[in-house]
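Heads up, the thing below is written out as structure tokens.
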Amino acid sequence: MNYSTLLFIFTSTFLITSLEAQVYPADFSQVRVANDISNPTVMAFANDGRIFVAQQGGALRVIKNGTLLATPFITLAVNSIGERGLIGIALDPDFATNHFIYLYYTVSDGSHNRLSRFTANGDVVVANSESIVLELDPLSTASNHNGGALAFGPDGKLFVAVGENAKGTNSQDLNTYLGKILRINKDGSLPAGNPFTDGSEQKKRIWAYGLRNPYTISFQPGTGKFFVNDVGQNTWEEVNDATTGGKNFGWPSAEGMSTNPNYANPVYYYGRGTGDGVGCAITGGTFFNPATTNYPASYIGKYFIMDYCNKWINSFDPGVANPARAAFATAVSGGGVSISTGPDGNLYYLSRDASGGSVFKIVYNPIAVAPTITQQPANISVSQGETATFNVSASGSAPLTYQWKKNNVNINGATSAAYSITNVQAAAAGNYKVTITNSAGSVTSNEVALSVIANKAPGASITSPATTYLYIAGTSISFAGTGTDTEDGELPASAFSWQIDFHHDIHKHDQPAITGVKSGTFTVPVEGEVASNVWYRFILTVTDSKGAKAKDSLDVFPKKSTLSFATLPAGLQLTLDGQPITTPKSVVSVQGVKREIGIVTPQVVNGIDYQFSSWSQGGDASQTISTPSADIIYTANFQPVIVGLDEQVLSGIDLYPNPVREDYFYMTVVATEDQDTFMSLADPLMRNTKKMNVSLKKGNNNVPVYVGDLSTGMYAVSLKMNGQSLSKRIVILK
Ligand SMILES: [Ca+2]
47 MNYSTLLFIF TSTFLITSLE AQVYPADFSQ VRVANDISNP TVMAFANDGR IFVAQQGGAL
107 RVIKNGTLLA TPFITLAVNS IGERGLIGIA LDPDFATNHF IYLYYTVSDG SHNRLSRFTA
167 NGDVVVANSE SIVLELDPLS TASNHNGGAL AFGPDGKLFV AVGENAKGTN SQDLNTYLGK
227 ILRINKDGSL PAGNPFTDGS EQKKRIWAYG LRNPYTISFQ PGTGKFFVND VGQNTWEEVN
287 DATTGGKNFG WPSAEGMSTN PNYANPVYYY GRGTGDGVGC AITGGTFFNP ATTNYPASYI
347 GKYFIMDYCN KWINSFDPGV ANPARAAFAT AVSGGGVSIS TGPDGNLYYL SRDASGGSVF
407 KIVYNPIAVA PTITQQPANI SVSQGETATF NVSASGSAPL TYQWKKNNVN INGATSAAYS
467 ITNVQAAAAG NYKVTITNSA GSVTSNEVAL SVIANKAPGA SITSPATTYL YIAGTSISFA
527 GTGTDTEDGE LPASAFSWQI DFHHDIHKHD QPAITGVKSG TFTVPVEGEV ASNVWYRFIL
587 TVTDSKGAKA KDSLDVFPKK STLSFATLPA GLQLTLDGQP ITTPKSVVSV QGVKREIGIV
647 TPQVVNGIDY QFSSWSQGGD ASQTISTPSA DIIYTANFQP VIVGLDEQVL SGIDLYPNPV
707 REDYFYMTVV ATEDQDTFMS LADPLMRNTK KMNVSLKKGN NNVPVYVGDL STGMYAVSLK
767 MNGQSLSKRI VILK
């Protein structure tokens with residue numbers, strides 16, 4: 047994949063939207079409730095019908111009676127780099143009387159995530175009502191895996207999902223909140239009934255651990271069943287049952303199903319790929335148990351999940367073992383980040399879609415319902431050469447068909463909810479409206495005007511970095527651009543806005559815009575994402591004095607090296623970023639990115655226990671390396687576990703003569719019962735090994751061992767007996 051500079055066409059996203067119409071079961075359709083909610087993260091419903099929608103940048107918005115209120119409930123100062131920002135919300139179970147709202151956000155200096163309580167006064171916050179509930183552990187420079195989900199359990203306790211900050215070992219460390227589900231009192235204090243009652247403050251708040259990025263959680267009304275949706279790394283997305291406290295879900299050692307009895311397996315999981323039922327990130331899950339609904343009874347009690355990348359909604363029965371997936375929706379709008387069951391008995395989802403972030407409602411109309419317009423098109427005023435887009439939203443039974451008209455005449459091909467005119471010229475001015483039709487009737491929108499201003503759109507160009515530039519993590523990328531305009535001349539710095547989006551595979555992480563500068567630097571973090579199929583997209587937008595815009599875009603790719611991992615003896619296991627790998631193994635890594643390497647110990651091969659001895663590059667068994675500028679091999683040396691001579695009695699075996707100068711030595715051993723087992727010899731570097739079967743009789747045994755085929759050296763002799771490995775050193779001299 048090699049992107050060169052490309053000019054953005056404003057209409058592209060709308061054209062794609064119209065081509066990818068949502069597919070629902072018969073009689074289901076979606077209605078847009080609100081849009082223009084940029085970078086939405088999560089939402090919560092009040093029983094009075096209001097929907098609170100959090101924006102990553104710190105604003106909490108309110109949708110009331112189907113309208114997005116212009117004034118945010120609150121605008122918090124947050125750090126919103128990467129996946130940070132305002133990313134969690136829960137309403138108090140007694141919200142109707144105490145008006146408490148809990149928010150999870152990254153503090154503005156980026157040092158940590160915080161959980162705070164705020165008090166509502168109608169649709170806005172009571173000034174200075176913030177009460178800090180819990181300060182979470184310090185963050186590294188990695189800006190991803192923050193979790194953020196909040197929910198009250200049936201016990202009235204607040205459950206908090208915290209990501210592992212892109213460091214897998216945090217998930218197994220009971221002295222940090224990172225990578226955990228916490229269970230706390232509303233004020234942050236320790237509740238009774240948590241699984242760990244001793245140790246650190248963190249440990250005593252932990253409800254479940256071994257999690258990577260638990261972005262959403264859900265309780266089932268009635269049963270209290272508690273599911274945690276954990277976004278996976280390279281293989282599996284998980285739904286985990288954390289109803290019972292104290293479970294370890296295995297990250298980073300295990301993702302998906304594991305045979306390790308210490309890990310709780312997911313109740314449902316799905317893998318990578320294209321299409322329905324697979325994907326890249328589980329960003330929503332909800333138990334569909336509304337008080338009332340007009341959905342068919344077969345949907346009630348099901349657990350609905352949503353995937354961000356492949357844009358589908360599936361469901362499964364949470365009450366059965368190994369539940370099967372049921373298809374529900376495909377090609378949903380944009381990138382879904384949250385799915386909820388509304389108090390009105392409908393499913394809702396929150397999407398980073400082409401309309402600037404939207405809330406959608408999924409409705410069931412078994413009897414055809416005529417269309418009604420939920421959002422009218424608006425008047426548009428554009429400069430010559432720009433793109434004009436009219437939008438309409440309507441509810442009613444699917445399928446809905448659209449026909450846009452200019453000055454009362456049908457426009458050929460203008461048959462979607464959005465209608466775009468590119469490269470607008472004076473002749474495009476006029477009056478526009480749309481008629482929406484289904485089997486039960488039709489409705490026509492308000493007529494709105496398109497005005498064309500005698501103004502030419504500006505031109506934008508990114509001049510730095512060069513298209514051939516490749517970055518190294520930890521270094522700064524210098525960016526610069528120009529903006530020219532026929533009427534205004536050279537555009538001033540205030541006309542410039544930069545967007546630097548981090549792309550990984552098929553999804554992207556939005557970064558906050560940098561405005562008011564013609565040039566600047568961007569430092570690439572060394573932590574956060576270890577994958578190598580990553581790049582940054584620099585987008586420059588310039589705006590002229592009449593409001594006309596132009597964009598330029600440049601994709602900047604990394605320099606990469608190959609990291610190879612080996613062990614001596616060969617074939618043993620290591621860990622990379624906390625996950626087990628079997629050697630030899632090679633991975634491509636972005637230069638400058640930090641990787642955590644470690645060893646698995648002890649390991650048993652052919653009955654011999656091995657333990658870590660040293661790394662080829664030196665250093666501790668577990669260490670952090672920075673991906674170098676050249677390919678490299680990291681070799682971990684292991685040694686057999688050899689019991690010392692002073693432990694002769696304990697070992698239970700004796701060897702004579704030792705040293706041995708002939709072709710045989712004798713091993714004496716006392717067995718508690720008859721048994722067929724085996725013994726092995728190995729030199730410390732495993733250059734010479736020998737394995738032989740041994741039949742032991744109850745009582746004293748004197749076993750001759752042929753070593754005529756082994757060269758001079760020190761060897762570990764290991765005997766398996768009663769499930770234990772007994773070892774002793776012997777020296778062979780020729
Ligand atoms: Ca102009």
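Converting from the sequence shown to our numbering requires adding 46 to each position, the first position being numbered 1.
Ideal Cβ placement from N, Cα and C applies to all residues, glycine included.
Open item on the list: Taking the alpha carbon of G612 as the reference point, which residue from W450, I643 and E181 has its own alpha carbon closest?
Closed with: For the purposes of this step, residue 612 is taken as residue 566 along the sequence shown, with counting starting at 1. At residue 612 the sequence reads Ala, which differs from the Gly that was named. Closest option to A612, Cα to Cα, is I643.
TODO: Compute the Euclidean distance between the alpha carbons of K502 and D598, then round it to the nearest angstrom.
DONE: Walking along the sequence shown from the start, residue 502 turns up at place 456. Walking along the sequence shown from the start, residue 598 turns up at place 552. Distance between the alpha carbons of K502 and D598 is about 17 Å.
TODO: In angstroms with no decimal places, state the Cα-to-Cα distance between I778 and N739.
DONE: Residue mapping note: residue 778 aligns to position 732 of the sequence shown, counting from 1. Residue mapping note: residue 739 aligns to position 693 of the sequence shown, counting from 1. One C-alpha to the other measures close to 21 Å.
Open item on the list: Measuring alpha carbon to alpha carbon, tell me which residue in I408, R163, N144 and L149 is nearest Q76.
Closed with: Counting from one through the sequence shown, the residue named residue 76 turns up at place 30. It is I408 whose Cα lies nearest to the Cα of Q76.
Task: Distance between beta carbons of P538 and I523, contact taken as under 8 Å - done: Against the sequence shown, residue 523 aligns to sequence position 477. Against the sequence shown, residue 538 aligns to sequence position 492. About 23 Å; that fails the 8 Å criterion.
Task: Inter-residue Cα distance where the pair is L756 and S610 - done: The count along the sequence shown starts at 1 and reaches residue 756 at position 710. The count along the sequence shown starts at 1 and reaches residue 610 at position 564. So the two alpha carbons sit approximately 32 Å from each other.
Task: For I252 and A238, the rounded distance between their alpha carbons - done: Walking along the sequence shown from the start, residue 238 turns up at place 192. Walking along the sequence shown from the start, residue 252 turns up at place 206. Roughly 12 Å between the two C-alpha positions.
Open item on the list: Spatial neighbours of V224 within its chain, please: C-beta separation below 8 Å, excluding the five flanking residues on both sides.
Closed with: As a position in the sequence shown, residue 224 is number 178, starting the count at 1. At residue 224 the sequence reads Leu, which differs from the Val that was named. Correct list, in chain order: L182, D183, V208, G209, E210, N211, K213, N216 and S217.
- [ ] Would you kindly check if the distance between the Cβ of V88 and the Cβ of I135 is under 7 Å?
- [x] Position 89 of the sequence shown holds residue 135. Position 42 of the sequence shown holds residue 88. Cβ atoms of I135 and V88: closer than 7 Å.
Open item on the list: Does E247 come out as helix, strand or coil in the three-state DSSP assignment?
Closed with: What you label residue 247 is simply residue 201 of the sequence shown in a count that begins at 1. It is helical.
Open item on the list: Using only the alpha-carbon positions, how far apart do L396 and K348 sit?
Closed with: By 1-based counting over the sequence shown, the position of residue 396 is 350. By 1-based counting over the sequence shown, the position of residue 348 is 302. Spanning the two alpha carbons is a distance of roughly 19 Å.
Task: Endpoints, alpha helix (DSSP H) assigned at F141 - done: One-based indexing of the sequence shown puts residue 141 at position 95. Its alpha helix (DSSP H) spans residues F141 to N144.
TODO: Tell me whether V285 is buried or exposed, calling it buried when 16 or more other Cβ atoms sit within 10 Å of its Cβ.
DONE: Translated into the one-based positions of the sequence shown, residue 285 becomes position 239. It is buried - the Cβ of V285 has at least 16 other Cβ atoms within 10 Å.
TODO: May I ask you to report which of helix, strand or coil DSSP gives A762?
DONE: Taking the first residue of the sequence shown as position 1, residue 762 is located at position 716. A762: strand per DSSP, three-state reduction.
- [ ] Return the residue from the list T530, S497, S491 and E493 that minimises the CA-CA distance to T509.
- [x] Within the sequence shown, residue 509 is the residue found at index 463, counting from 1. If we check each option's Cα against that of T509, T530 comes out closest.
Open item on the list: Using 7 Å as the threshold, is the C-beta distance between V99 and I83 below it?
Closed with: For the purposes of this step, residue 99 is taken as the residue at position 53 of the sequence shown. For the purposes of this step, residue 83 is taken as the residue at position 37 of the sequence shown. Yes, the pair counts as a contact, with Cβ atoms nearer than the cut-off.
Task: Nonlocal neighbours in the same chain, by C-beta distance under 8 Å from Y710, ignoring five residues either side - done: Taking the first residue of the sequence shown as 1, we reach residue 710 at position 664. So the list reads P750, V751, Y752, V753 and G754, once near-sequence residues are dropped.
Task: Beta-carbon gap between W544 and L586 smaller than 7 Å - done: Walking along the sequence shown from the start, residue 544 turns up at place 498. Walking along the sequence shown from the start, residue 586 turns up at place 540. For W544 and L586, yes; Cβs fall inside 7 Å.
Open item on the list: Quick check: does the Cβ of K357 come within less than 6 Å of any heavy atom belonging to ligand 1?
Closed with: Taking the first residue of the sequence shown as 1, we reach residue 357 at position 311. Answer for K357: no, Cβ out of range of ligand 1.
- [ ] Using DSSP bridges, identify the partner residues of N747.
- [x] Position 701 of the sequence shown, counted from the first residue, corresponds to residue 747. DSSP, once it has assigned bridges, lists V715 as partnering N747.
Task: Extent of the continuous alpha helix (DSSP H) run through N216 - done: The count along the sequence shown starts at 1 and reaches residue 216 at position 170. Its alpha helix (DSSP H) spans residues T215 to Q218.
Task: Residues near S386 in its chain [Cβ-Cβ closer than 7 Å; skip 5 each side] - done: By one-based count along the sequence shown, residue 386 stands at place 340. Within the same chain, S386 has close Cβ partners M89, F91, T332 and Y394.
Open item on the list: Along the chain, where does the beta strand (DSSP E) containing W450 start, and where does it finish?
Closed with: For the purposes of this step, residue 450 is identified with residue 404 of the sequence shown, where counting begins at 1. From DSSP, the beta strand (DSSP E) with W450 extends over T447 to K452.
TODO: Please state if the CB of N81 and the CB of G382 are separated by a distance shorter than 7 Å.
DONE: Looking up residue 382 in the sequence shown gives position 336. Looking up residue 81 in the sequence shown gives position 35. In this structure, N81 does not lie closer than 7 Å to G382 by Cβ.
TODO: For T281, write down the residues that DSSP places opposite it in a beta bridge.
DONE: Along the sequence shown, one-based indexing puts residue 281 at 235. The partner list for T281 (beta bridge, DSSP) is empty, contrary to what the question assumes.
Open item on the list: Does the segment 153 to 171 come into contact with the segment 578 to 594, if we say contact requires no fewer than three beta-carbon pairs (one atom in each stretch) closer than 8 Å?
Closed with: no
Open item on the list: Taking a contact to mean a Cβ-Cβ separation below 7 Å, would you say M352 touches T376 in this structure?
Closed with: Taking the sequence shown and counting its residues from 1, the one referred to as residue 352 is at position 306. Taking the sequence shown and counting its residues from 1, the one referred to as residue 376 is at position 330. Result no, Cβ atoms of M352 and T376 do not sit closer than 7 Å.
Task: Proximity winner among K640, T481, D138 and H553, relative to A519 (alpha-carbon distances) - done: For the purposes of this step, residue 519 is identified with residue 473 of the sequence shown, where counting begins at 1. Closest by alpha carbon: K640.
Task: Alpha carbon of F242 to alpha carbon of L220, nearest angstrom - done: Translated into positions along the sequence shown, residue 242 becomes position 196. Translated into positions along the sequence shown, residue 220 becomes position 174. Straight-line Cα distance between these residues: approximately 9 Å.
Task: Cβ-based neighbour list, F724, same chain, cut-off 7 Å, excluding 5 preceding and 5 following - done: Mapped onto the sequence shown, residue 724 falls at position 678. Closer than 7 Å at the Cβ level, and outside the excluded window around F724, lie G653, K737, M738, N739, V740 and K766.
TODO: Would you mind reading off the limits of the beta strand (DSSP E) that contains N579?
DONE: Taking the first residue of the sequence shown as 1, we reach residue 579 at position 533. That residue, N579, is in no beta strand (DSSP E); it is neither H nor E in DSSP.
- [ ] State the DSSP-derived secondary structure class of Y515, mapped to helix, strand or coil.
- [x] Working through the sequence shown from its first residue, we reach residue 515 at position 469. DSSP places Y515 in coil when its eight states are reduced to three.
Task: For P626 and L691, the rounded distance between their alpha carbons - done: The sequence position of residue 691 within the sequence shown is 645, counting from 1. The sequence position of residue 626 within the sequence shown is 580, counting from 1. Bear in mind that the predicted position of L691 carries a pLDDT of just 38, short of 50, making it too unreliable to give a figure here.
Task: Supposed contact pair N190 and E575 - C-beta distance, whole angstroms, cut 8 Å - done: Residue mapping note: residue 575 aligns to position 529 of the sequence shown, counting from 1. Residue mapping note: residue 190 aligns to position 144 of the sequence shown, counting from 1. Right, their Cβ atoms sit about 6 Å apart.
TODO: Find out if the Cβ-Cβ distance for the pair G391, T338 is shorter than 7 Å.
DONE: In the sequence shown, residue 391 corresponds to position 345, counting from 1. In the sequence shown, residue 338 corresponds to position 292, counting from 1. Their beta carbons are under 7 Å apart, which means G391 touches T338 by this criterion.
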